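Working notes, structure below.
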Amino acid sequence: MENLFVNLEASLNRFLTATLPGSLPNLAMALASVVVILLFVLTNVVWLVYMERKVAAYMQDRLGPNRVGPRGLLQTVADVLKLLGKEDIVPVAADKWVFKIAAVTVLIPTIMLFAVIPFGNNLISIDLNIGVFYFVAISSTATISFLMAGWASNNKYSLLGGMRVVAQMIAYEIPLVFSLLGVVMLAGSLKMSDIVAAQKDVWFIVLQPVAFLIYFIAGTAELNRGPFDLPEAEQELIAGPFTEYSGFRYAMFFLAEYGNMVAISALAVTLFLGGPSGPWLPSWMWFVIKVYVMIFLFMWLKWTLPRIRLDHMMQFNWKFLLPLSLANILLTGIAIKLF
Amino acid sequence: MEKAMEREVFRADSPRTETITMNMGPQHPSTHGVYRAVLTMDGEEITHIENHVGYLHRGIEKLAETRTFTQFMPYTDRLDYLGAMLNNLGYAQTMEKLMGVEVPERAEYIRIIMAELQRIASHLIFVASYAIDLSSTTGWMYCMRDRERILDLFDMVCGSRLTTNYMRIGGVAEDVPPGFLPELQRLINDLPACFDEYDGLISGNEILQKRSIGVAPMSAETAIAYGVTGPNLRASGVAFDLRKAAPYGIYDRFDFEIPTCANGDTYDRYYIRILEMRQSVRILQQAVDSFPEGPVMAKVPKVIRPPKGDVYHQIEGTKGILGFYVVSDGTSKPYRLHIHSPSFVNLGVFPEIARGGNIQDAVATLASIDIVLGEVDR
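Quick note, the sequences are listed as chains A and B, same order.
Per the working numbering, residue 41 is the first one in the first sequence, and the count goes up by one each step.
Per the working numbering, residue 232 is the first one in the second sequence, and the count goes up by one each step.
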């Protein structure tokens with residue numbers, strides 16, 4: 041069980057090398073990882089939408105989806121089919137190209153993020169020696185798609201939402217990156233496998249609890265999830281940048297949002313929760329379990345707290361989170377020097 | 232001249248900003264119906280608000296002139312559709328005042344019970360929608376869950392949950408069914424714990440407090456100048472409640488307090504409702520304890536032809552003073568009927584107090600005023 045996917049990969053590699061000439065096998069293998077990652081993200085999103093609704097329902101004393109399929113399990117499938125069948129509306133006043141491209145580009149960073157995530161022991165697409173840096177760099181490009189969507193819709197609500205996205209995501213990226221620095225300093229490497237290996241004895245959440253908290257809060261803001269769901273604040277901005285989107289274009293944003301949640305949780309698991317290591321169960325199973333614990337935390341937060349206000353959100357970031365993350369780096373440095 | 236020149240230079244150098252005009256409504260998730268506000272905004276800050284109402288105008292006042300006095304009762308349900316019992320009560324008492332009908336003791340008690348239950352139900356909707364306008368969806372659900380039990384009680388006495396049409400000129404439609412009082416007692420026992428729960432989940436939440444304390448304060452002078460009544464006025468520190476100031480029905484027999492808050496900000500307008508619900512529970516308990524036996528309907532002719540004349544009667548609705556003005560020309564239909572609706576009056580102060588905040592504050596402020604469009608537009 042432990043090496044199930046590693047063995048699968050090896051046999052696929054052998055098969056491709058035997059059948060394809062030149063450098064084609066490498067290309068095919070890269071393609072295969074993309075397909076696997078896509079499948080992983082998609083299945084997770086389908087499950088997460090269901091899980092989110094169930095978690096919310098149980099927190100609110102109700103049942104949640106329970107009609108389509110056993111215990112409502114097929115609800116998301118039905119919803120996706122419904123979205124597929126919807127009319128594809130592009131507003132007349134919209135900037136059509138940007139409007140259409142935004143719905144595609146929003147998913148690209150999400151998929152790319154998973155390239156450096158170790159899903160299990162030896163189960164990582166590319167073990168870059170700048171893995172953490174790569175993750176941070178790619179995740180920050182997601183902002184552009186939201187801005188494109190908000191701007192191109194030519195709708196005031198979308199525009200306000202787009203502006204909020206940029207303000208929020210850029211602001212919270214800084215403490216997010218700084219919180220990762222503490223871990224990187226302890227591990228002495230930006231490479232994901234090294235960071236996981238460094239947590240063999242003790243998880244970094246124990247050594248870096250403040251960094252984990254900062255990461256969790258900033259991550260929530262990066263994901264635009266409650267209480268930081270200002271950009272798509274339903275009560276104020278209808279759906280923010282997605283107001284004018286319908287059908288599958290809207291579904292793409294939805295997909296990216298949940299995909300990002302998996303990615304942010306996966307990074308938290310890798311950097312703070314010992315990565316895919318754990319007793320008894322295979323490593324990839326541990327990875328999934330830990331990721332879902334993180335995701336549950338995100339959901340818990342969303343369904344408990346009201347939305348924060350724009351100026352408070354900014355103040356909290358610049359006046360509290362950022363100094364705190366800097367102080368954490370300083371303390372970590374001193375501690376490393378001392379011990 | 233020189234100063235004007237300076238200003239021009241300053242303008243040319245600094246980045247140019249424009250205000251944008253934005254329509255909030257008539258289709259918008261947090262306008263509580265088909266209300267429309269035209270916001271003039273500088274970035275996210277609101278510089279001007281204009282109220283637009285009338286999207287739900289059904290001409291109920293005119294309709295009244297074509298219906299008999301008895302037939303008009305169900306129309307009152309559709310005014311403030313979250314406070315149907317109180318609308319019923321207001322109209323019934325107005326007509327009784329005009330005709331000089333004495334209502335039986337038991338009917339008076341039933342009316343008090345229904346009115347206070349409705350007040351709690353309406354305030355629960357307020358707390359719920361305030362929570363959800365600040366995106367606390369769980370707060371919404373908790374309130375809805377508890378309101379359900381009140382609606383079930385309404386269902387027991389009159390067969391419907393929202394549009395009750397329960398009161399009649401001279402009493403109530405029917406006596407309460409056998410299981411009603413025990414069920415009511417159980418609800419009265421449970422409600423205080425529910426309010427404590429809201430205090431923990433909604434009132435005590437730090438984000439919510441930061442978003443509402445000090446937001447859109449309304450001074451007592453402003454409130455009075457705009458004619459604001461009900462909980463919104465009491466949140467500004469004016470202890471005015473018709474149930475105490477000019478008791479109607481048998482309110483003078485009950486022991487309860489008029490809670491007030493000091494600051495009149497969004498949080499106070501929210502919290503006053505929780506305090507009022509606790510007082511309503513007190514009234515309910517007293518009414519259940521001294522619930523008399525007897526008939527529930529006075530001797531009233533089948534076709535009501537009140538004497539010539541006009542009458543104005545007002546009660547403390549869930550949102551403020553709810554008044555009915557009826558002119559009778561001696562026939563079976565009103566010559567003119569006017570409804571003084573608290574939501575309409577309270578909405579007038581919204582542009583005044585929400586100006587200067589950002590759009591998030593405006594949403595919270597509008598929620599805290601507690602409007603029901605059925606009543607605003609009539």
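Don't be surprised by glycine CBs; every beta carbon is placed ideally from N, CA and C.
Small disclaimer: the values here were computed from a predicted structure and weren't measured.
Measuring only between beta-carbons, confirm whether residue i sits less than 8 Å from chain A.
i: residue 234 of chain B; result: Its pLDDT being 48, under 50, residue 234 of chain B is placed unreliably by the model, and the measurement read from it follows with that caveat. Chain A, which has no Cβ nearer than 8 Å to the Cβ of residue 234 of chain B, makes this no.
i: residue 582 of chain B; result: no
i: residue 445 of chain B; result: no
i: residue 268 of chain B; result: no
i: residue 599 of chain B; result: no
i: residue 521 of chain B; result: no
i: residue 362 of chain B; result: yes
i: residue 590 of chain B; result: yes
i: residue 260 of chain B; result: yes
i: residue 355 of chain B; result: no
Does the distance from the C-beta atom of residue i to that of residue j stay below 8 Å?
i: residue 367 of chain B; j: residue 275 of chain A; result: no
i: residue 216 of chain A; j: residue 258 of chain A; result: yes
i: residue 366 of chain A; j: residue 218 of chain A; result: yes
i: residue 193 of chain B; j: residue 354 of chain B; result: Since the first residue of chain B shown is 232 and the last is 609, residue 193 of chain B is not available in this structure.
i: residue 142 of chain A; j: residue 179 of chain A; result: no
i: residue 573 of chain B; j: residue 460 of chain B; result: yes
i: residue 364 of chain A; j: residue 246 of chain A; result: no
i: residue 281 of chain A; j: residue 205 of chain A; result: yes
i: residue 339 of chain A; j: residue 95 of chain A; result: yes
i: residue 516 of chain B; j: residue 419 of chain B; result: yes
i: residue 384 of chain B; j: residue 605 of chain B; result: no
i: residue 590 of chain B; j: residue 277 of chain B; result: yes
Considering just the uninterrupted stretch of the beta strand (DSSP E) at residue i, what are its terminal residues?
i: residue 559 of chain B; result: 552-559
i: residue 283 of chain A; result: From DSSP, residue 283 of chain A is part of no beta strand (DSSP E); its letter is neither H nor E.
i: residue 404 of chain B; result: Segment: none, residue 404 of chain B is in no beta strand (DSSP E) and carries neither H nor E.
i: residue 268 of chain B; result: 267-273
i: residue 570 of chain B; result: 565-571
Taking 8 Å as the CB-CB cut-off, is residue i touching chain B?
i: residue 266 of chain A; result: yes
i: residue 213 of chain A; result: no
i: residue 99 of chain A; result: yes
i: residue 269 of chain A; result: yes
i: residue 344 of chain A; result: yes
i: residue 274 of chain A; result: yes
i: residue 348 of chain A; result: yes
i: residue 253 of chain A; result: no
i: residue 196 of chain A; result: yes
i: residue 54 of chain A; result: no
i: residue 278 of chain A; result: yes
i: residue 93 of chain A; result: no
i: residue 366 of chain A; result: no
Going by C-alpha distance, which of the options is nearest residue i?
i: residue 123 of chain A; options: A:238, A:180, A:292; result: A:292
i: residue 497 of chain B; options: B:589, B:466, B:383, B:521; result: B:466
i: residue 436 of chain B; options: A:267, A:50, A:357, A:91; result: A:267
i: residue 545 of chain B; options: B:537, B:539, B:554; result: B:554
i: residue 127 of chain A; options: A:260, A:333, A:288; result: A:288
i: residue 570 of chain B; options: B:275, B:356, B:272, B:296; result: B:296
i: residue 579 of chain B; options: B:514, B:602, B:594, B:589; result: B:602
i: residue 175 of chain A; options: A:52, A:308, A:364, A:323; result: A:308
i: residue 561 of chain B; options: B:568, B:535, B:347, B:608; result: B:535
i: residue 432 of chain B; options: B:286, B:500, B:371, B:341; result: B:371
i: residue 358 of chain B; options: B:499, B:285, B:548, B:532; result: B:499
i: residue 444 of chain B; options: B:263, B:283, B:596; result: B:596
i: residue 301 of chain B; options: B:284, B:263, B:474, B:403; result: B:403
i: residue 252 of chain A; options: A:233, A:224, A:271, A:118; result: A:224
Could you give the residue range of the alpha helix (DSSP H) that holds residue i?
i: residue 203 of chain A; result: 196-227
i: residue 277 of chain B; result: Run containing residue 277 of chain B: none in the alpha helix (DSSP H); it sits in the beta strand (DSSP E), 276-283.
i: residue 542 of chain B; result: From DSSP, residue 542 of chain B is part of no alpha helix (DSSP H) but of the beta strand (DSSP E) over 540-547.
i: residue 255 of chain B; result: No alpha helix (DSSP H) holds residue 255 of chain B; the beta strand (DSSP E) holding it covers 251-255.
i: residue 459 of chain B; result: Per DSSP, residue 459 of chain B belongs to no alpha helix (DSSP H) and is neither H nor E.
i: residue 350 of chain B; result: 336-364
Check the C-beta distance from residue i over to residue j and give it rounded, since I have them as a contact under 8 Å.
i: residue 88 of chain A; j: residue 220 of chain A; result: No, residue 88 of chain A and residue 220 of chain A are not in contact; Cβ-Cβ is about 24 Å, not under 8 Å.
i: residue 289 of chain B; j: residue 609 of chain B; result: 7 Å
i: residue 171 of chain A; j: residue 230 of chain A; result: 6 Å
i: residue 153 of chain A; j: residue 303 of chain A; result: 4 Å
i: residue 342 of chain B; j: residue 255 of chain B; result: In fact, because the Cβ distance is near 38 Å, the residues do not count as touching under 8 Å.
i: residue 588 of chain B; j: residue 447 of chain B; result: 6 Å
i: residue 480 of chain B; j: residue 339 of chain B; result: 6 Å
i: residue 192 of chain A; j: residue 134 of chain A; result: 6 Å
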